[in-house]
Structures are given as C-alpha cells and as structure tokens.
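The structure appears right after this line, and notes come after that.
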Amino acid sequence: MKGSIFAFLGGAFITLQGVANTRISEDIGTWQTATITQFTGFLASLLVIMFVRDKKWKRLKYVKPLYLTSGAFAAIIIFSNVASIKYIGVTLSISAILIAQLSLTFLIDGKGWFGMVKQKMRLPQFIGIAMMIIGVVILSF
Amino acid sequence: MILGLLFAVLAGALVSLQNIFNSKIDEHAGSWTTTTLVLCLGFVASFTIGFLFEGKQLFILQNMKPWYWFSGLIGVGVVTCIVQGIRLLGPTYAISIILTSQLGIALLWDTFGWLGIEKVPFTFQQLIGVLVIVAGILIFKISGEPKWTKIPSNGLKRVHAEK
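So the sequences go chain by chain: A and B.
Per the working numbering, residue 3 is the first one in the first sequence, and the count goes up by one each step.
Per the working numbering, residue 28 is the first one in the second sequence, and the count goes up by one each step.
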C-alpha cells in the first residue's frame with residue numbers, strides 16, 4: 003500500500019512538473035524555466051547529500067563517461083515537453099511521450115544496447131505498444 | 028498537431044535514454060549522487076543552450092512569481108517517490124502505477140485547466156483513449172514479468188552485496 007502511494011505520487015509529480023514548466027515558460031520563457039528549475043533542484047539535492055553525508059560520489063569515476071552525460075538531455079526534454087503540451091494538451095503529450103519511452107526502452111533491451119542484458123522480445127509487449135498507439139489515435143480524433 | 032506529437036516523441040525517446048544512463052550511474056554512486064549530477068548537468072546544458080539562443084535576454088525574468096523558484100523541487104519529489112515505489116513494489120508494478128497515474132492526472136489537468144493551462148473539454152472518447160492506453164501499459168508491463176524484472180533484481184542484489 004505504501005509503495006503504491008509513492009508510485010502514484012511519483013507519476014502525479016511527473017505530470018505536475020510538465021504542466022508547471024509549461025505555465026512558467028509562458029511568463030519567463032522556456033530556457034529560463036529549464037535553467038531555473040534545474041538549478042533549484044540541483045541545490046536541493048546537493049543540500050541533501052551534505053546533510054546525509056553521502057560519500058558515494060567518489061565512485062563516479064567507475065561510471066562510463068557516456069552515461070555521466072545523461073543530465074544534459076534534460077534541457078531538450080524540458081523544451082520538447084513544454085512545446086508539445088502547448089500544441090496538443092497534457093493528455094495527448096503524456097500519452098505520446100510514454101509510447102516513445104516504452105518503445106525505445108523495449109528496443110534497447112531487445113538489442114542489448116548500452117550493455118543491457120539482452121531480453122527476448124515477447125508478444126505481450128508488442129500487443130501492449132499497439133494498444134497504446136490505438137489509444138493515442140482515439141485521443142487525437 | 029504533428030509538430031506537437033514530434034516534440035512529445037523526442038522527449039519520450041530522450042527520457043528513455045536518460046533513465047538507462049541514470050540507472051548505470053546509480054549502480055555505482057547511489058540515487059542522491061545521481062540526482063545531483065543529473066540536475067547539475069541539466070542546469071548547465073539549459074543555461075548554455077538558452078544563452079546561445081537568447082543571449083542576455085536569458086537573464087530578464089520580468090514576470091517571475093515567487094513559486095517559480097520552488098517548482099524545481101518537484102523534481103526531487105519525483106525521484107524520491109519513484110525510488111521508494113520501486114524499492115517497495117519492484118519495478119514492474121511500480122512503473123505500471125507510475126505511468127497510469129501520470130496519464131490519469133494529465134486527463135484531470137486538461138479537464139479542469141488548473142494553473143491556467145488551456146482547458147481541453149472532457150469527452151467520453153478521451154476517457155476511452157486513456158483506458159485503452161492504460162490497458163496497453165498493463166499488458167506491456169505485467170505479462171512481461173518473469174523476463175523483465177531480471178535486470179533490476181540483479182541491480183538490487185549488487186547494491187545489497189556492496190553494503
């Protein structure tokens with residue numbers, strides 16, 4: 003039960019974040035929004051690290067440099083997210099984002115890219131993605 | 028319409044890559060270090076691109092409202108809730124719930140137009156669309172259970188072994 007509440011709130015926060023960014027960008031611009039929200043989030047998590055005295059950052063040197071760049075994607079993610087919510091609304095944006103996200107994850111797992119353990123592509127995943135696309139088509143018309 | 032969908036697909040593809048890369052960082056350095064590094068780079072990248080496109084305009088924050096400064100904290104809530112959810116439920120069920128609630132809240136938001144977002148009137152067709160997508164998510168995630176939890180459970184084992 004506790005886990006479900008966390009998961010539910012996690013999803014709600016993701017949507018809230020997209021909407022808040024869209025709202026803020028109307029007032030101050032999209033890049034300004036991305037810069038400020040990432041900066042305050044960064045400060046907050048830095049405070050937490052200092053508070054819990056997490057020393058694990060020393061192990062960052064064992065991570066392949068390519069993977070360390072993931073944070074930089076956020077700039078383009080936030081920009082695209084805001085742009086798509088403006089054009090097509092929250093529901094349709096989130097739906098299309100989820101499909102692209104699940105499909106690419108599925109492809110990466112299936113091919114074993116980026117050192118992921120290769121997974122066999124199975125029928126239920128194809129059916130699942132097909133149903134999600136049908137759902138988006140229903141939403142769009 | 029098409030442009031909006033293309034932006035959404037780009038965002039989704041990058042989120043997927045980001046999640047995979049983040050999990051690789053997390054394996055070694057733990058979730059707080061990962062969160063901090065990711066947000067730090069997100070800030071640097073947004074600042075750089077913004078400055079390239081807009082120059083000094085980037086610093087003009089005329090209509091800034093106080094709560095805008097705090098909205099970045101939502102990101103910390105996202106990470107904390109997702110990490111806890113996955114820890115307590117395992118990735119398959121946690122992610123199914125996360126995706127479903129993301130969509131459910133989105134539908135509510137469009138319907139009520141909270142925070143001054145343009146309202147998209149609620150229709151029966153929209154509800155059906157969302158329900159079909161949720162059914163697709165559940166089929167995708169839950170029928171894949173035996174195979175799809177393999178990586179994360181290995182990851183968890185490794186974390187415990189390190190402790």
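By construction, the Cβ of each residue, glycine as well, lies at the ideal position given by its N, Cα and C atoms.
Rounded C-alpha distance that separates residue i from residue j
i	j	result
A74 of chain A	I132 of chain B	27 Å
L70 of chain A	T150 of chain B	43 Å
V71 of chain B	G82 of chain B	15 Å
K120 of chain A	D111 of chain A	6 Å
A40 of chain B	F108 of chain A	11 Å
P179 of chain B	K57 of chain A	Low confidence applies to P179 of chain B: its pLDDT is 47, below 50, so where it sits in the model is not reliable, and the reading given next is rough at best. Answer to the nearest angstrom: the Cα atoms are 23 Å apart.
E189 of chain B	G102 of chain B	Its pLDDT being 36, under 50, E189 of chain B is placed unreliably in this model, and the value from its coordinates should be taken loosely. Approximately 27 Å between the Cα atoms of the pair.
T35 of chain A	N83 of chain A	12 Å
W136 of chain B	L88 of chain B	26 Å
Q103 of chain A	F53 of chain A	34 Å
M145 of chain A	N46 of chain B	Here chain A has residues from 3 to 143 only, and residue 145 of chain A is not among them.
Y120 of chain B	H55 of chain B	24 Å
I135 of chain A	I125 of chain B	19 Å
L100 of chain B	T42 of chain A	7 Å
T17 of chain A	W115 of chain A	29 Å
I90 of chain A	W59 of chain B	34 Å
V105 of chain B	L130 of chain B	15 Å
F34 of chain B	A85 of chain A	7 Å
I87 of chain A	L32 of chain B	9 Å
E145 of chain B	G137 of chain A	22 Å
K66 of chain A	P148 of chain B	47 Å
C108 of chain B	I122 of chain B	11 Å
L142 of chain B	T75 of chain B	28 Å
G117 of chain A	V42 of chain B	18 Å
C67 of chain B	I78 of chain A	15 Å
Neighbour flag for residue i against chain B, beta carbons, 9 Å
i	result
K113 of chain A	no
L11 of chain A	yes
Min CB distance residue i to chain A below 9 Å
i	result
K83 of chain B	no
S170 of chain B	yes
Buried/exposed call for residue i, threshold 16 Cβ in 10 Å
i	result
A132 of chain A	exposed
N49 of chain B	buried
V139 of chain A	exposed
I155 of chain B	exposed
G139 of chain B	In the sequence as presented, Gly is not what sits at residue 139 of chain B; that position holds Phe. The residue is exposed, with fewer than 16 neighbouring Cβ atoms inside 10 Å.
Y95 of chain B	buried
F80 of chain B	exposed
Q153 of chain B	buried
F143 of chain A	exposed
P118 of chain B	buried
Q40 of chain A	buried
I29 of chain B	exposed
F128 of chain A	exposed
F86 of chain B	exposed
Q19 of chain A	buried
N26 of chain B	The structure shown does not extend to residue 26 of chain B, since chain B spans only 28 to 190, so no value can be given for it.
Beta carbon proximity, residue i to chain D, threshold 9 Å
i	result
V138 of chain A	The chain labelled as chain D is not found among the protein chains of the depicted structure, namely A and B.
Listed in chain order, which residues of the stretch 29-44 of chain B have Cβ atoms closer than 7 Å to some Cβ of chain A?
Per Cβ criterion, the list reads L30, G31, L32, F34, A35, V36, L37, A38, G39, A40, L41, V42, S43 and L44.
Along the stretch 58-69 of chain A, where does the CB come closer than 9 Å to a CB of chain B? Name the residues.
Against chain B - using a Cβ distance shorter than 9 Å - the residues of the stretch 58-69 of chain A are K58, W59, K60, R61, L62, K63, Y64, V65, K66, L68 and Y69.
Tell me which residues of the stretch 17-31 of chain A have at least one Cβ-Cβ distance to chain B shorter than 9 Å, keeping chain order.
Of all residues in the stretch 17-31 of chain A, those with a C-beta nearer than 9 Å to a C-beta of chain B are T17, L18, Q19, G20, V21, A22, N23, T24, R25, I26, E28, D29, I30 and G31, reading in chain order.
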